[in-house]
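Visitor: Here it is, the structure, as structure tokens.
There are 2 protein chains.
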Amino acid sequence: MARIVMKFGGTSVADLDRIRNAAQRIRAEAEAGHEVAVVVSAMAGVTNSMVSLVSDAAVLADLREYDVVVSSGEQVTAGLLAIVLQDLGVSARSWLGWQIPIRCDDSHGSARIEDIAVEEMERRFGEGQVAVVAGFQGVDSQGRIATLGRGGSDTSAVALAAALAAERCDIYTDVDGVYTTDPRIVAKARKLDKITYEEMLEMASQGAKVLQTRSVEMAMKHHVRIQVRSSFEPGPGTLVVDEEEIVEQAVVSGIAYSRDEAKVTLLRVLDRPGVAAKIFGPLAEAAINVDMIVQNISAEAERTDLTFTVSKADLERAEAVLRSNQEELGFAELLADPNVVKVSVIGVGMRSHAGVAQQMFKALADRGINIQVISTSEIKVSVLIAEEYTELALRGLHTAYGLDAA
Amino acid sequence: MARIVMKFGGTSVADLDRIRNAAQRIRAEAEAGHEVAVVVSAMAGVTNSMVSLVSDAAVLADLREYDVVVSSGEQVTAGLLAIVLQDLGVSARSWLGWQIPIRCDDSHGSARIEDIAVEEMERRFGEGQVAVVAGFQGVDSQGRIATLGRGGSDTSAVALAAALAAERCDIYTDVDGVYTTDPRIVAKARKLDKITYEEMLEMASQGAKVLQTRSVEMAMKHHVRIQVRSSFEPGPGTLVVDEEEIVEQAVVSGIAYSRDEAKVTLLRVLDRPGVAAKIFGPLAEAAINVDMIVQNISAEAERTDLTFTVSKADLERAEAVLRSNQEELGFAELLADPNVVKVSVIGVGMRSHAGVAQQMFKALADRGINIQVISTSEIKVSVLIAEEYTELALRGLHTAYGLDAA
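Protein sequences, first through last, are from chains Z and R.
All residue numbers for the first sequence refer to the working numbering, where the first residue is -14 and numbers rise by one.
All residue numbers for the second sequence refer to the working numbering, where the first residue is -14 and numbers rise by one.
As structure tokens, then:
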């Protein structure tokens, strides 16, 4: 007998048929004698509709009221799933964030969980009752509903698994695991049996949208073993675990990419101390995140060329901010290029292996792909290339690092 | 400065434009210096969708979970209205049933309000804050959401007005008041300035679907002055008040009708003690409400003919129940007739005036309308007639009792 948390995302509870399918999965675990807590998202599309309603209601909505509106979707799913489980003969009840309670800080719209009171839930486990918990929501210090930010149900599930000291937190979704790279692009992509938290974090933030980043950070901190698995296919998925749990660690575990990049180049910026702060300060004030940065020597004396990336959605605003400060910043020209992609090779094995970056640069060069910007971390090498080479680069790198399926 | 409760029904908050319209109304009251609590229904159609989801999920759903699902609609409206009010510069916050709390008994799906804690709300009135309360919902003794039954937001509003000792409870709806009869049928119908609780109860239960019956009973008990008024038209509506508040009381205040009637006649029932109990017992067990009953002498000795009405929706089930007990009940034949309408003349003035019923029978007879069943109460006379005479009867009675607009 184990204690497990099962989380079902929006597509896995999109309609009553899918909720019934999820209920079958839950019943199987309960009948196997496990203590089961289930965390549910809103039915697919519901949260988006609620967010639209709020943004149509007012440009700047009180986030406490935003949370009242958008948290309703998970409430509906929790009630429906409890009903369907009972209909299948499984003892179950729904729990809303304030009922448990899941205590959060007061940063509405993106609150952080501080504490989960699980005593009553544990008592009911002893009576064989399944807990169906509305994800994405908690209650603040004033007794008002707080939500955890988009994708927050993953975080709810991991936090609940930590509070319950659950053996495993199964994230049921519409893919059957984490792949070495996007299988829609690389046919030889392989499902990973295991991946470390650090790698998963890089995979997630590099555009592989399987798990919410914060949920992985929390799992890492509390050593919660996550399993990413399919709601619709049987069989195990991918375990996200501590590095120690992985006996044979590949140097490179996966290759991620993000099309949500745009490149900005400022030509002939005055090369003086403080100029970078002058450029990135106004962008930060406009809440525009800058990712990769590279500074080149300009052909002209005392001038430098500066290249950086922002998300595609921010490009237009970034241009406007920079142009309105052009005189002060002293650049001669601004070049914007949205037709770029960031490709990253990821693996904790890099820590102990040299030459991983070199291998990447060679594989890309062999295919005539020009690297525009490079950035690296301890377990990751990212390059910015022209978007048209995305598929070629992914396939080439996948082969070069020996990741292809047999 | 007064303290008022304003309630907006589903059609009055059906979309953001209508929510904005409601917010304008609320702002006007707040700017006039009043202390304002607002009670909202779910946006039109939302509760029906939720009820459908639940009934598709399971034939017999746990009513505690039903309440979790169906209460979500009012939560959304409360948050949205608070956002829109703030956007108009009005200080406002939403209140869910469990936050106030509105304490209910444990009869989920049709819970009764036991207590409303208004201290914090009153404190915030002092700071000029409008309270936006989700109608239809409260919390039971176990901390679970309980709903008040369909139309329950009227009851929420009246209960809140009682707890707040509000001067008035304004029910904003899609009609501008209570009419002497249905103006879609009788062009000369007049809007009433005032009506007593008792009359309103009879009007409501006789098919004039303006206010939920329970809310009127509660208003009568706690002397809450209700005003039924339009969300879309300016001007006062109809006040529902104690009899003492109405100086000049008409003998007949209004004429109601209900098409939701079906007539059942059992021919040649054995005329023995206890036979009525034998007939109506099985119907009661099947949760079929019987309204009007009349027993005639049969042509045959020791036999009687029995006629009664049930709601149209129950007719088929009532027939089945009776036929399956035919042998024991001993009737010779069952006649079912769904083509009937119940027409009622209503007025507290009847208590002190004789001849009201006689006037009704004469007015109908003059128009060649046959009366099938009669029932009376202290302030009401109802007759069952063939449905095809509905319009003729209503117009004739409206004129006969001097109710026609000048």
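Quick reminder that beta carbons are idealized off the backbone N, C-alpha and C, glycines included.
What number of angstroms, rounded off, separates the C-alpha of Z:Asp2 from the C-alpha of Z:Met28?
Guide: Between Z:Asp2 and Z:Met28, the C-alpha separation is close to 12 Å.
Visitor: With DSSP as the reference, please indicate the residues paired to Z:Glu20 in a beta bridge.
Guide: DSSP output for Z:Glu20 lists Z:Arg(-12) as bridge partner(s).
Visitor: Go to Z:Phe121, then tell me how far its beta strand (DSSP E) extends in each direction, as first and last residue.
Guide: Neither: Z:Phe121 is in no beta strand (DSSP E) and is coded neither H nor E.
Visitor: If I follow the unbroken alpha helix (DSSP H) through Z:Val49, where does it start and stop?
Guide: In the sequence on display, residue 49 of chain Z carries Arg and not Val. From DSSP, the alpha helix (DSSP H) with Z:Arg49 extends over Leu48 to Val55.
Visitor: Alpha carbon to alpha carbon, how far is R:Ala46 from Z:Ala63?
Guide: Those two C-alpha atoms are separated by around 13 Å.
Visitor: Would you tell me roughly how many angstroms separate the C-alpha atoms of Z:Gly334 and R:Ala119, rounded to the nearest one?
Guide: Looking at the two C-alpha atoms, the distance is approximately 55 Å.
Visitor: Among R:Ala42, R:Asp322 and R:Thr289, which residue has its Cα nearest to the Cα of R:Val295?
Guide: Among R:Ala42, R:Asp322 and R:Thr289, the Cα nearest to that of R:Val295 belongs to R:Asp322.
Visitor: Quick one: Cα of R:Pro221 to Cα of R:Lys179, how far?
Guide: R:Pro221 and R:Lys179: Cα-Cα distance of roughly 11 Å.
Visitor: R:Gln357 by DSSP, collapsed to three states: which one?
Guide: If DSSP states are grouped into helix, strand and coil, R:Gln357 belongs with coil.
Visitor: Assign R:Met277 to one of three DSSP states: helix, strand, or coil.
Guide: It is a strand residue.
Visitor: In the DSSP assignment, find the unbroken alpha helix (DSSP H) run with Z:Gln343 in it and report its ends.
Guide: Element bounds for Z:Gln343: Val341 to Asp351.
Visitor: Considering only C-alpha positions, which residue in the set Z:Val275, Z:Val254, Z:Val115 and Z:Val201 is nearest to Z:Lys314?
Guide: According to the sequence shown, residue 314 of chain Z is Leu rather than Lys. Ranking Z:Val275, Z:Val254, Z:Val115 and Z:Val201 by Cα distance to Z:Leu314 puts Z:Val254 first.
Visitor: To which residues of the same chain is Z:Glu304 closer than 6 Å at the C-beta, ignoring the five residues directly before and after it?
Guide: Hits under 6 Å: Ala321.
Visitor: Check whether the region 125 to 133 of chain R touches the region 88 to 99 of chain R, counting contact only when three or more Cβ pairs, one atom from each stretch, lie closer than 8 Å.
Guide: Enough Cβ pairs lie closer than 8 Å, so yes.
Visitor: Could you please tell me which residues of the region 62 to 91 of chain R, in chain order, have their CB closer than 8 Å to any CB of chain Z?
Guide: Per Cβ criterion, the list reads Ala63, Gly64, Leu65, Ala67, Ile68, Val69, Gln71, Asp72, Arg78, Ser79, Leu81, Trp83 and Gln84.
Visitor: Any residues in the region 261 to 278 of chain Z with a beta carbon nearer than 8 Å to a beta carbon of chain R? Which ones, in chain order?
Guide: Residues passing the 8 Å Cβ filter: none.
Visitor: Do we get a CB-CB distance below 9 Å when we pair R:Glu107 with the residues of chain Z?
Guide: No, R:Glu107 lies away from the interface with chain Z (no Cβ there is under 9 Å from its Cβ).
Visitor: What are the boundary residues of the alpha helix (DSSP H) that includes R:Ala321?
Guide: R:Ala321 -> not in any alpha helix (DSSP H); beta strand (DSSP E) instead, spanning Glu318 to Ile331.
Visitor: Thinking just about the alpha-carbon of each residue, which of R:Met203, R:Asp161, R:Thr166 and R:Gln212 is nearest to the one in R:Glu218?
Guide: Residue R:Asp161 is the option with its Cα nearest to R:Glu218.
Visitor: Using a threshold of 9 Å, state whether the C-beta atoms of Z:Val23 and Z:Val103 are closer than that.
Guide: No, these two residues do not count as a Cβ contact at 9 Å.
Visitor: Please give the ranges of any beta strand (DSSP E) in the region 231 to 268 of chain R, keeping only runs that are unbroken, at least 3 residues long and fully inside the region.
Guide: Those beta strand (DSSP E) runs which fall completely within the region 231 to 268 of chain R and span 3+ residues are 239 to 255.
Visitor: Would you say the region 378 to 391 of chain Z touches the region 139 to 155 of chain R, given that touching needs at least three Cβ pairs under 8 Å?
Guide: No: fewer than three Cβ pairs fall under 8 Å.
Visitor: Can you pull the chain R residues whose beta carbon is under 9 Å from the beta carbon of Z:Gln60, in chain order?
Guide: Result: Val53, Val54, Ser56, Ser57, Gln60 and Ile130.
Visitor: In or out: R:Ala284 buried (at least 16 other Cβ within 10 Å) or exposed?
Guide: The residue is exposed, with fewer than 16 neighbouring Cβ atoms inside 10 Å.
Visitor: Where do the ends of the alpha helix (DSSP H) carrying R:Ala29 lie?
Guide: Premise fails: R:Ala29 is in no alpha helix (DSSP H) and is neither H nor E.
Visitor: Given that Z:Glu50 touches chain R, what residues does it touch there, using C-beta distances under 7 Å?
Guide: Those are Gly64, Ala67, Ile68 and Ser79, listed as they occur along chain R.
Visitor: Using a Cβ cut-off of 9 Å (strictly closer), state whether R:Ala43 contacts chain Z.
Guide: Chain Z, which has a Cβ nearer than 9 Å to the Cβ of R:Ala43, makes this yes.
Visitor: For the region -11 to 13 of chain R, list every residue whose C-beta sits within 8 Å of some C-beta in chain Z, in sequence order.
Guide: Of all residues in the region -11 to 13 of chain R, Leu1 and Ile4 have a Cβ within less than 8 Å of some Cβ in chain Z.
Visitor: Enumerate in chain order the residues of its own chain whose CB-to-CB distance from Z:Val237 is below 6 Å, with the five nearest sequence positions on each side excluded.
Guide: So the qualifying residues of the chain are Val330, Gly332 and Tyr386.
Visitor: Contact criterion: CB-CB distance below 9 Å. Does Z:Asp125 meet it with respect to chain R?
Guide: Not one chain R Cβ lies under 9 Å of Z:Asp125.
Visitor: Using DSSP with H/G/I as helix, E/B as strand and the rest coil, what is Z:Glu99?
Guide: It is a strand residue.
Visitor: May I have the straight-line CA-CA distance separating Z:Gly113 from Z:Gln234, to the nearest angstrom?
Guide: Distance between the alpha carbons of Z:Gly113 and Z:Gln234: 39 Å.
Visitor: Kindly list the residues whose CB is nearer than 7 Å to the CB of Z:Phe293, restricted to its own chain and excluding five residues on each side of it in sequence; keep chain order.
Guide: Result list for Z:Phe293: Val249, Val275, Met277 and Ile278, in chain order.
Visitor: At the level of alpha carbons, what is the spacing between R:Asp0 and R:Val36?
Guide: Going by the C-alpha atoms only, they are around 20 Å apart.
Visitor: For Z:Gly(-6) and R:His207, I'd like the C-alpha separation in whole angstroms.
Guide: Taking the straight line from one Cα to the other gives about 48 Å.
Visitor: On the three-state DSSP scale, how would you describe Z:Ser215?
Guide: Z:Ser215 falls in the strand class under three-state DSSP.
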